[in-house]
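Under our numbering, the first residue of the sequence shown carries the number 634, and numbering increases by one thereafter.
So the structure is just underneath, and the comments pick up after that.
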Amino acid sequence: MYGDGLADRVRAAAPQGIDAVYDVAGIDALDVSVELRGGTTERIVTISDPRAFQVGIAFSGESRPFGPELTEYARLVVDGRLRVRVDRSFPLADALKANELSESGRARGKLPLHP
Numbered sequence: 634m635y636g637d638g639l640a641d642r643v644r645a646a647a648p649q650g651i652d653a654v655y656d657v658a659g660i661d662a663l664d665v666s667v668e669l670r671g672g673t674t675e676r677i678v679t680i681s682d683p684r685a686f687q688v689g690i691a692f693s694g695e696s697r698p699f700g701p702e703l704t705e706y707a708r709l710v711v712d713g714r715l716r717v718r719v720d721r722s723f724p725l726a727d728a729l730k731a732n733e734l735s736e737s738g739r740a741r742g743k744l745p746l747h748p
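Below, the structure is given as structure tokens:
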């Protein structure tokens with residue numbers, strides 16, 4: 634749904650307009666969100682794009698450490714009780730390529746980097 638033509642796809646799906654935006658992907662959707670809301674930043678929330686603060690959009694996220702949760706998730710993965718979908722992995726030297734794929738919205742899973 635994200636990427637080029639997002640505004641047109643949303644307008645086609647909701648020709649009467651939209652009342653609010655809740656962005657959980659953060660793939661270049663802030664400007665489109667404001668456009669779709671008629672130029673206002675009211676009733677737009679993102680959990681994934683900290684640039685929101687710069688344009689007056691609510692950013693809903695946490696800044697607390699996630700160490701205990703990450704430890705538990707790692708244990709679940711090792712035990713085979715949690716599966717993480719990986720699109721593909723990249724050598725660290727190709728981090729830019731991985732980031733470009735992530736931002737394109739075409740990745741269908743995580744993009745881990747390896748040494």
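Just so it is clear, CB atoms sit at the ideal spot from N, CA and C, and this is done for glycine as well.
Considering residue i, what are the terminal residues of the alpha helix (DSSP H) in which it resides?
i      : result
Asp664 : Leu663 to Leu669
Asp641 : Leu639 to Ala646
Val688 : Ala685 to Val688
Ala728 : Ala728 to Ser737
Taking 7 Å as the limit between beta carbons, can you name the residues of its chain near residue i, skipping five residues before and five after?
i      : result
Pro745 : Val719 and Ser722
Val717 : Val710 and Lys743
Leu734 : Ala740 and Leu744
Leu639 : Ala662 and Val665
Leaving aside the five residues before and after residue i along the sequence, list all residues of the same chain whose C-beta is less than 6 Å from its C-beta, in chain order.
i      : result
Gly689 : Thr674
Pro748 : Leu725
Ala728 : Leu746
Excluding the 5 residues flanking residue i on each side, which residues of the same chain have their C-beta closer than 8 Å to its C-beta?
i      : result
Tyr706 : Leu715
Ile651 : Val643, Leu669 and Arg670
Val667 : Thr673, Thr674, Ile677, Val688 and Ile690
Mind checking who residue i pairs with in its DSSP beta bridge?
i      : result
Phe723 : Leu746
Tyr655 : Val678
With a 10 Å radius around its C-beta and 16 neighbouring C-beta atoms as the bar for buried, classify residue i as buried or exposed.
i      : result
Asp637 : exposed
Ala653 : exposed
Ser737 : exposed
Ala647 : exposed
Leu663 : buried
Val665 : buried
Ala731 : buried
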